[in-house]
Amino acid sequence: MALKQKLLFLCSASPSLESSIGSWAIYDGTGAENHTTGDSDAPPYTSVLHAMRDGWRVIQVPQLLPPQPGYELSTSYMKFEYVLEKLEEAQ
Amino acid sequence: MTASNLLNTVQIANFVADGLLVFDELVPDNINQQVMRELDENQIQGRAGVAGQYLSELWSNSQGIGAMLRLPAVQGIIKSLVGPNSLYDHHAAHRVPARHKEGQFWHVDAIIDVRTHFDIQLFYFPHDTPREMGGTLFLPGSHFRRAHEFDISRYQNFRGQLPIVCKAGTLVAGHHGLWHCAQPNHTDAMRYMIKVRINPTVRQKLLWDTSDLNNPEVSNILSRNHRWYGDDDRLEVCNRIKLWRFLIDDDSFDVNYWLTRIENQPA
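Residue numbers (our numbering), protein chains in the order written: chain L, 1472 to 1562; chain G, 555 to 821.
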């Protein structure tokens, strides 16, 4: 059976993979799970490292970009968003 | 709420910190019932007037939505946040059908809007809204974040997200930049929520009951850490200080010396 991709987005409090998680999302390509907004009040892992120890592979780390001059105090999207994957067999 | 129906300084500080205020069961049940009747009779769908029209000119004969907006307590909220002679921007009677399993994507209404002046949106829940029915999910402290509409739709959950689980007649007053989304409705009944966007026509300065203006709680409230934004917490506080300075018309106001320090440029 073909392996399919499951993605986990974890936004951490700082660039450290050991820092706490402020936002999370799961997109399951196997079709086994369907997630939507507001479906959990606690992150599935306490940190990116915690997820790695459960078998998630980090496939993207957030770049550290200096703020644009004049916008040093501005905020926008979550800055430290890690993308992790698992490959699982479809149900 | 004070006798004058205006909000007090502590409430305004909470609005600046969180981007919203929740008023549980504010609207009496007879008006809620009239609103539900108006919804059933399709009297609230569509535009009620022209964008930019005085809000006071709309729904003058309505014993439901009009009566809700004319309530002294609601008038006090509007006047405290956007001032007198406010304008109707638009409204919507949002419906989430029964057994609708998908949550709406996180979004910000309209477009990126970085004014210090702000619009408010009233989110009115005319019937009981238990968690299995929704309601609207808000992200407290998100209102200063520069994001365009559904650009934030990849996110699903945040630490501290706030679902409005409420009794009939609950009203939320939100800053125009607040991140939010409708939640699934797992019940067998349609869920309603009426939203009205309101614009100021005056400089938003000391519009509330300022008898407690120097309340020492203000600094603590403006320093609130909602946790979901991690290391950005100090930046969030700085943006609140900027709005507070604007609202009280005092550029010397500060919390924990954050802005004064970086503004210090001796000649």
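Every residue gets a Cβ at the ideal spot worked out from N, C-alpha and C, and that includes glycine.
Practice task
Go ahead and pull the three-state DSSP assignment for G/Asn562.
Solution key: strand
Handout entry: Short Cβ contact (9 Å threshold) for G/Thr563 with G/Ser696
Key = no
Practice task
In the DSSP assignment, find the alpha helix (DSSP H) that holds L/His1521 and state where it starts and stops.
Solution key: For L/His1521, the uninterrupted alpha helix (DSSP H) segment begins and ends at Val1519 to Met1523.
Handout entry: Buried or exposed (CB count within 10 angstroms, at least 16 for buried), G/Tyr608
Key = exposed
Practice task
Determine the contact status of G/Leu580 and G/Val628, defining contact as a CB-CB distance below 9 Å.
Solution key: yes
Handout entry: Contact set for L/Phe1551: own chain, Cβ-Cβ below 8 Å, skip 5 residues either direction
Key = Cys1482, Ser1483, Ala1484, Ser1485, Pro1486, Ser1490 and Pro1533
Problem - Distance between L/Tyr1548 and L/Pro1514 (C-alpha atoms, nearest Å) - result: 18 Å
Practice task
Give a yes or no on contact between the region 1551-1560 of chain L and the region 747-761 of chain G, applying the rule of three or more CB pairs nearer than 8 Å.
Solution key: no
Exercise for the section: Below 9 Å between beta carbons is the criterion; list the residues of the region 1515-1547 of chain L that meet it against any residue of chain G, in chain order. Expected result: Tyr1542, Glu1543, Leu1544, Ser1545, Thr1546 and Ser1547
Problem - Contact with chain A by L/Lys1477, beta-carbon distance below 9 Å - result: This model lacks chain A altogether; the protein chains it does include are L and G.
Handout entry: Cβ contact (3+ pairs, closer than 8 Å) linking the region 610-628 of chain G and the region 574-591 of chain G
Key = yes
Handout entry: Check whether G/Lys759 and G/Phe807 have beta carbons under 9 Å apart
Key = For G/Lys759 and G/Phe807, no; Cβs fall outside 9 Å.
Exercise for the section: Starting from the beta carbon of L/Ala1503, find every residue of chain G whose beta carbon is closer than 8 Å, and list them in chain order. Expected result: What L/Ala1503 touches in chain G: nothing, since even the nearest Cβ is about 16 Å away.
Exercise for the section: Compare the C-beta of L/Asp1499 against all C-beta atoms of chain G and say whether one is closer than 9 Å. Expected result: no
Problem - Stretch-stretch touch, CB-based, cutoff 8 Å, three pairs: the region 704-718 of chain G with the region 590-601 of chain G - result: Because the criterion of three Cβ pairs below 8 Å is not met, the region 704-718 of chain G and the region 590-601 of chain G do not touch.
Handout entry: Start and end residues, alpha helix (DSSP H) containing G/Glu686
Key = It is not in any alpha helix (DSSP H) - G/Glu686 carries neither H nor E in the DSSP assignment.
Practice task
Go ahead and label L/Lys1477 buried or exposed: buried means 16 or more other beta carbons lie within 10 angstroms of its beta carbon, across all protein chains shown.
Solution key: buried
Problem - G/Pro651 versus G/Val668 - alpha carbon distance - result: 34 Å
Exercise for the section: Anything in the region 637-671 of chain G with a Cβ closer than 8 Å to a Cβ of chain L? List those residues in chain order, please. Expected result: Lys655, Glu656, Gly657, Gln658, Phe659 and Trp660
Exercise for the section: Classify G/Glu595 as helix, strand or coil using the three-state DSSP reduction. Expected result: In this structure, G/Glu595 counts as coil in the three-state DSSP scheme.
Problem - C-beta atoms of L/Met1472 and L/Glu1556 nearer than 9 Å - result: no
Exercise for the section: Note down, in chain order, every chain G residue with its Cβ under 9 Å from the Cβ of L/Ala1561. Expected result: Simply none; closest approach about 21 Å.
Exercise for the section: Select from the region 769-799 of chain G all residues with a C-beta closer than 7 Å to any C-beta belonging to chain L, and list them in chain order. Expected result: Arg781, Trp782, Tyr783, Gly784, Asp785, Asp786, Leu789, Glu790, Cys792 and Asn793
Handout entry: Supposed close pair G/Phe677, G/Gly728 - CB separation, criterion 8 Å
Key = That belief holds up - the Cβ atoms of G/Phe677 and G/Gly728 are roughly 6 Å apart, short of 8 Å.
Problem - Rounded separation between G/Asp785 and G/Val791 - CA only - result: If you take the alpha carbons of G/Asp785 and G/Val791, they lie about 11 Å apart.
Practice task
Check whether the region 639-653 of chain G touches the region 731-747 of chain G, taking contact to mean three or more Cβ pairs, one atom from each stretch, closer than 8 Å.
Solution key: yes
Practice task
Work out the CA separation of G/His644 and G/Arg757 for me, nearest whole Å.
Solution key: Each residue's alpha carbon lies about 21 Å from the other.
Exercise for the section: Hey, could you find the ends of the alpha helix (DSSP H) G/Gly630 is sitting in? Expected result: Pro626 to Leu635
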